[in-house]
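In my numbering, each residue's number is its place in the sequence shown (first place is 1) plus 289.
We treat Cβ as the ideally placed atom computed from N, Cα and C, and that holds for glycine.
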Amino acid sequence: MKKILVTGGLGFIGSHTVVELQNAGFDVVIIDDLSNSSIEVLDNIVEITGKKPDFHQLDLRIKSDVKEFFNTTKIDGIIHFAAFKAVGESVQKPLEYYENNIGSLVYLLQEMRDRNFDNFIFSSSCTVYGQADELPITENAPVKTAESPYGNTKQVGEEIIKEACNAHNFNAIALRYFNPVGAHDSIKIGELPLGVPQNLIPFVTQTAAGIREELSIFGDDYPTEDGTAVRDYIHVVDLAKAHIAALQRLLDKKNKANFEFFNVGTGKGSSVLEVVKSFEKVADKKLNYKIVGRREGDITAAYADTTLASKELNWKTEKTLDEALESAWKWQQSQS
Ligand code: UFG
């Protein structure tokens, strides 16, 4: 049985990916420092799959700990999620973001080099495209200057991996996520934002639950159909499955270059107001919201061209926005 290390495996996307890996027959080892996740997630994963992943609470910034981990555990591949991810915070704390997101990445790649294994999947983001000139966004769209240190860690991260692939014969895939939302069908795992949510869906569900008074919609003067910004919201379980497909591609040696990258989205754009309307329908509840000014750094519209991912990874999304919102709402209700 192949043993896969999932860093950040108790986080939102990480935990859903661990479940799918176990369902697909992989042996999973999780490294997580619990800085933005909870240890209970481990038990919830076991409740879903019936299998307990090996778990190490470890800070990947501590190189000696990383080394020690690999001294005692033999790994066949890595899915690397562990990273800081708040765009605004990254502007305030760029050095912490570079230390954590880049430092840890380099340490993992060094261990791969020194121990002669590879198969590396990197958690990247559509943020690398900025506001693309053409929609939907294909993988040929140019990478634009990052808007934030967070975004830059994803761009630089991809560059580092690409150079390491060339120098050390690694095989790696970066997945450029669009907007992951929703929760597992079992409603045992989902998104656990710390403090006031920055992302739309957790803010919507917390508002509906009465935790937040009202949702602020950031701008209705964008050049879109209803004036609100458009994103590609992908169900987190579909996104998790894309990781299994990418990993399998590497394990089967079906990759066409030593470093590849794919867009992972649904291909469909939805405006903020459309999301609010869909949510109101599935939750059968009116949502308090007001229109306010644009949020700094936001782009008008981003949605994926999924042709390459579906062809090369033999993967496609199976779930709708309504299903994602319904699961996010059930998850929210399960939290109180
Ligand atoms: N929005 C609101 N009100 C809120 C929160 C969000 O109107 O309270 C709007 C935003 O303005 C945006 C849309 O909802 O138009 C989606 O916002 P999110 O914050 O959920 O997602 P973003 O697309 O801004 O951010 C996502 C990821 C980031 C990544 C970024 C790249 O969360 O990690 O895409 O574009 F960097």
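Within 10 angstroms of its Cβ, does residue i collect 16 or more other Cβ (buried), or is it exposed?
i      : result
Gly314 : exposed
Glu607 : exposed
Leu331 : buried
Ile649 : Absent from the structure is residue 649, since the part of the chain shown begins at 290 and ends at 625.
Glu400 : buried
Gly586 : exposed
Ala628 : No information on residue 628 is available, as it lies outside the stretch 290 to 625 that the chain covers here.
Val581 : exposed
Asp343 : exposed
Lys570 : exposed
Arg520 : buried
Lys528 : Per the sequence shown, residue 528 should be read as Leu rather than Lys. Looking at its Cβ environment, which holds 16 or more other Cβ atoms inside 10 Å, Leu528 is buried.
Leu323 : exposed
Asn640 : In the structure as shown, the chain begins at 290 and stops at 625. Residue 640 is therefore absent and cannot be evaluated.
Glu615 : buried
Asn408 : buried
Tell me, which residues are paired with residue i by DSSP?
i      : result
Asp321 : Gln346
Lys356 : Bridge partners of Lys356: none, in fact.
Lys697 : One cannot answer for residue 697 here, as it falls past the ends of the chain, which runs 290 to 625.
His369 : Thr296 and Phe411
Ala593 : Ile426
Val581 : Phe507
message: Check whether the stretch 433 to 440 and the stretch 513 to 527 are in contact - that is, three or more C-beta pairs closer than 8 Å.
response: Below 8 Å, too few C-beta pairs join the stretch 433 to 440 and the stretch 513 to 527 to call them touching: fewer than three.
message: Across the stretch 387 to 394 and the stretch 339 to 355, are there enough close Cβ pairs to call them in contact, namely three or more that are closer than 8 Å?
response: yes
- request: Could you pull out every unbroken alpha helix (DSSP H) segment of at least 4 residues lying fully inside the stretch 491 to 579, listed in chain order?
  value: 525 to 540 and 561 to 572
- prompt: Can we say the stretch 549 to 560 touches the stretch 465 to 472, given the rule of at least three CB pairs closer than 8 Å?
  reply: yes
query: Is it a yes or a no for the stretch 361 to 381 touching the stretch 295 to 308, going by three-plus beta-carbon pairs under 8 Å?
result: yes
Given 8 Å, three or more beta-carbon pairs between the stretch 413 to 429 and the stretch 507 to 516: With a cut-off of 8 Å, the stretch 507 to 516 and the stretch 413 to 429 do not count as touching, because too few Cβ pairs lie within range.
message: When you compare the stretch 438 to 457 with the stretch 494 to 508, are there three or more beta-carbon pairs, one atom per stretch, that lie closer than 8 Å?
response: They do not touch, by the three-pair rule.
Entirely enclosed alpha helix (DSSP H) segments - the stretch 433 to 470, minimum 4 residues: 438 to 457
- request: Would you check if there are 3 or more beta carbon pairs closer than 8 Å linking the stretch 541 to 550 to the stretch 612 to 623?
  value: no
- prompt: Contact between the stretch 596 to 606 and the stretch 470 to 487: three or more CB pairs below 8 Å?
  reply: no
- request: Could you tell me whether the stretch 469 to 476 touches the stretch 410 to 425, using the rule of 3 or more Cβ pairs below 8 Å?
  value: Taking one beta carbon from each stretch, the stretch 469 to 476 and the stretch 410 to 425 have fewer than 3 pairs nearer than 8 Å; the two do not touch.
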